[in-house]
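In the numbering used here, the protein residues as written are 32 to 425.
No residue lacks a Cβ here, since even glycine has one placed at the ideal position from N, Cα and C.
Following: one structure in structure tokens, then a few remarks.
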Amino acid sequence: MKHAAGTFAFIARFVVLGLAVAFVVSLFWPGSGERLRARFGLHSTPAAILTAHVGAGPVSYADAVAAAAPSVVNIYANKIVNEPAIQMYTDPTLQQLFGGQPTTYQHREQTLGSGVIVSARGQGYVLTNYHVIAQAEDIQTLLYDGRVAKATLVGADEETDLAVLRIDATNLPAIHLGDQSLLRVGDVVLAIGNPFGLNQTVTMGIVSTIGRQLNSSSAEDFIQTDAAINLGNSGGALINTQGELVGINALLIGKGQAANAEGIGFAIPVATAQKVLDQLITTGHVVRGWLGVDYTFVPVPANSGLPAAARGVQVTDVYPGGPGAQVGILPHDVLLRIGDDDIRDPADLRRREASLKPGSTVEVSGLRNGSPFHVSVVLAQRPTMSASSAASDG
Numbered sequence: 032m033k034h035a036a037g038t039f040a041f042i043a044r045f046v047v048l049g050l051a052v053a054f055v056v057s058l059f060w061p062g063s064g065e066r067l068r069a070r071f072g073l074h075s076t077p078a079a080i081l082t083a084h085v086g087a088g089p090v091s092y093a094d095a096v097a098a099a100a101p102s103v104v105n106i107y108a109n110k111i112v113n114e115p116a117i118q119m120y121t122d123p124t125l126q127q128l129f130g131g132q133p134t135t136y137q138h139r140e141q142t143l144g145s146g147v148i149v150s151a152r153g154q155g156y157v158l159t160n161y162h163v164i165a166q167a168e169d170i171q172t173l174l175y176d177g178r179v180a181k182a183t184l185v186g187a188d189e190e191t192d193l194a195v196l197r198i199d200a201t202n203l204p205a206i207h208l209g210d211q212s213l214l215r216v217g218d219v220v221l222a223i224g225n226p227f228g229l230n231q232t233v234t235m236g237i238v239s240t241i242g243r244q245l246n247s248s249s250a251e252d253f254i255q256t257d258a259a260i261n262l263g264n265s266g267g268a269l270i271n272t273q274g275e276l277v278g279i280n281a282l283l284i285g286k287g288q289a290a291n292a293e294g295i296g297f298a299i300p301v302a303t304a305q306k307v308l309d310q311l312i313t314t315g316h317v318v319r320g321w322l323g324v325d326y327t328f329v330p331v332p333a334n335s336g337l338p339a340a341a342r343g344v345q346v347t348d349v350y351p352g353g354p355g356a357q358v359g360i361l362p363h364d365v366l367l368r369i370g371d372d373d374i375r376d377p378a379d380l381r382r383r384e385a386s387l388k389p390g391s392t393v394e395v396s397g398l399r400n401g402s403p404f405h406v407s408v409v410l411a412q413r414p415t416m417s418a419s420s421a422a423s424d425g
């Protein structure tokens, strides 16, 4: 036992002596340890290098912004607004004596917004929001390089809140369009626009939800994001970390509709924007197919043991003289299939009927009082619908 204790004490003294020598060497000859490790082929890995590989995200998104920002323009839409003048006197006698008949007066109002150069063929085409340029008499754009260019309206689609402008300028940098199908909840996105007239500003967030419905009667859906979208961002670009366009910034939940709401912004998906762009450039307007019926989720009886939302839709109303009424579709009918596709829910059917051309014939199958039925419907053109009223300007 004494021999073991003596051996331990001997080793401990040499360990302490070695540490003391190492301390003195490092104090008077800094870096000598690293040189010795390099001489014998031993390399240390700094903690900073290790931690850099823990996450998959880049240190900076500057390259993505540099690629997309030149394609984003500021929009200044000027319009003349008629407003009633203040009526000084309500009594008819006083109005005759002193005047004060109600009149109107005009004043110029300017709307701030943003736009994205999506094509540079011929004259440049710019996508923006319809509400940014609605009823504007004069539209000016400020380009990234400082040039000012007048814009003219090519066409607008109120339902998607999109409009296409043409600007008379050369050497325009068109943005690269991203693949919407690759977008996932949790992906980092950047919003570029002109909030409050401050010129180009970039905000960052993630994709909160894909396919968000804001209006039960609209066929369109939105990308929800927590990237800050403020007044003036409308029409600007929502890009991915490669600098590709994935959406057109459009809407922000109003304070009156969601008290103290933060981080809830919306963008029109790039696939929707591309379809609208092509139709507006080609024809000046967007056409959508229409069944002529309103519908909702199929009700599921309580304690039925079935899922909360059954497949298909239930017809709630049939428009007189519309395509559905002409083939005998009735309220309370359950529609299960359109063409070769099953109907998942109301949003799915709205997208499918809107994608079909007016005048085309489609087979619709469903149940009436539990019995199957099939009809051939000749689609009409969907009536013009306004953009969602569930949200306010972004």
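Between residue 172 and residue 104, which are expected to be in contact by the criterion C-beta below 8 Å, what is the C-beta distance as a whole number of angstroms? Taking the sequence shown and counting its residues from 1, the one referred to as residue 172 is at position 141. Taking the sequence shown and counting its residues from 1, the one referred to as residue 104 is at position 73. Contact flag correct, Cβ pair sits at about 5 Å.
Flag this pair as yes or no: are the beta carbons of residue 107 and residue 143 separated by less than 9 Å? In the sequence shown, counting from the first residue as 1, residue 107 sits at position 76. In the sequence shown, counting from the first residue as 1, residue 143 sits at position 112. Yes, they are a contact pair.
Cross-strand partners of residue 110 (DSSP beta bridge): Translated into positions along the sequence shown, residue 110 becomes position 79. DSSP lists 140 as partners of residue 110.
Which class does residue 396 belong to by DSSP, given the choice of helix, strand or coil? Here residue 396 refers to the residue found at position 365 of the sequence shown. Residue 396: strand per DSSP, three-state reduction.
Where residue 164 sits in the DSSP three-state scheme: The residue given as residue 164 occupies position 133 in the sequence shown. Three-state DSSP puts residue 164 in a helix.
Classify residue 257 as helix, strand or coil using the three-state DSSP reduction. What you label residue 257 is simply residue 226 of the sequence shown in a count that begins at 1. In this structure, residue 257 counts as coil in the three-state DSSP scheme.
For residue 379, name the three-state secondary structure that DSSP assigns. Taking the sequence shown and counting its residues from 1, one reaches residue 379 at position 348. Residue state, collapsed to three classes: helix.
Would you list, in sequence order, the uninterrupted alpha helix (DSSP H) runs of no fewer than 4 residues that lie entirely inside the stretch 189-260? none
Three-way DSSP call (helix, strand, coil) for residue 96 in this model: Locating residue 96 in the sequence shown gives position 65, where the first residue counts as 1. Helix.
Span of the beta strand (DSSP E) around residue 355: The count along the sequence shown starts at 1 and reaches residue 355 at position 324. From DSSP, residue 355 is part of no beta strand (DSSP E) but of the alpha helix (DSSP H) over 354-357.
Taking residue 241 and residue 296 to be in contact with their CB atoms under 8 Å, please state how far apart those CB atoms are, rounded to whole angstroms. The residue given as residue 241 occupies position 210 in the sequence shown. The residue given as residue 296 occupies position 265 in the sequence shown. Wrong, their Cβ atoms sit about 14 Å apart, outside the cutoff.
Tell me whether residue 405 is buried or exposed, calling it buried when 16 or more other Cβ atoms sit within 10 Å of its Cβ. The sequence position of residue 405 within the sequence shown is 374, counting from 1. Exposed, because fewer than 16 other Cβ atoms sit within 10 Å of the Cβ of residue 405.
Using a threshold of 9 Å, state whether the C-beta atoms of residue 96 and residue 221 are closer than that. Position 65 of the sequence shown holds residue 96. Position 190 of the sequence shown holds residue 221. The answer is yes: Cβ separation under 9 Å.
Using 8 Å as the Cβ pair cut-off and three pairs as the minimum, do the stretch 356-367 and the stretch 312-331 touch? yes
For residue 203, which residues in the same chain have their Cβ closer than 7 Å to its Cβ, ignoring the five residues on either side in sequence? Working through the sequence shown from its first residue, we reach residue 203 at position 172. Result list for residue 203: 148, 151, 155, in chain order.
Between residue 177 and residue 218, what straight-line distance do the alpha-carbon atoms span, to the nearest angstrom? Along the sequence shown, one-based indexing puts residue 177 at 146. Along the sequence shown, one-based indexing puts residue 218 at 187. Distance between the alpha carbons of residue 177 and residue 218: 32 Å.
Cutting at 7 Å between CB atoms, please list the residues of its own chain near residue 411, excluding the five before and the five after it. By one-based count along the sequence shown, residue 411 stands at place 380. Correct list, in chain order: 321, 323, 353, 354, 389.
How would you write the range of the alpha helix (DSSP H) that residue 309 sits in, first residue to last? Taking the first residue of the sequence shown as 1, we reach residue 309 at position 278. Start and end: 301-314.
Contact belief for residue 266 with residue 279 at Cβ below 8 Å, rounded distance in angstroms: Residue mapping note: residue 266 aligns to position 235 of the sequence shown, counting from 1. Residue mapping note: residue 279 aligns to position 248 of the sequence shown, counting from 1. That pair is a contact at about 6 Å.
Nearest-angstrom Cα distance between residue 251 and residue 89? The residue given as residue 251 occupies position 220 in the sequence shown. The residue given as residue 89 occupies position 58 in the sequence shown. Using only the alpha carbons, I get a separation of about 33 Å.
If we count the other Cβ atoms within 10 Å of its Cβ and call it buried at 16 or more, is residue 230 buried or exposed? Against the sequence shown, residue 230 aligns to sequence position 199. Flag for residue 230 reads exposed.
Excluding the five sequence neighbours on either side, which residues of its own chain have a C-beta within less than 6 Å of the C-beta of residue 350, listed in chain order? The sequence position of residue 350 within the sequence shown is 319, counting from 1. If we look at residue 350 and ignore the five residues flanking it on each side, its Cβ neighbours are 323.
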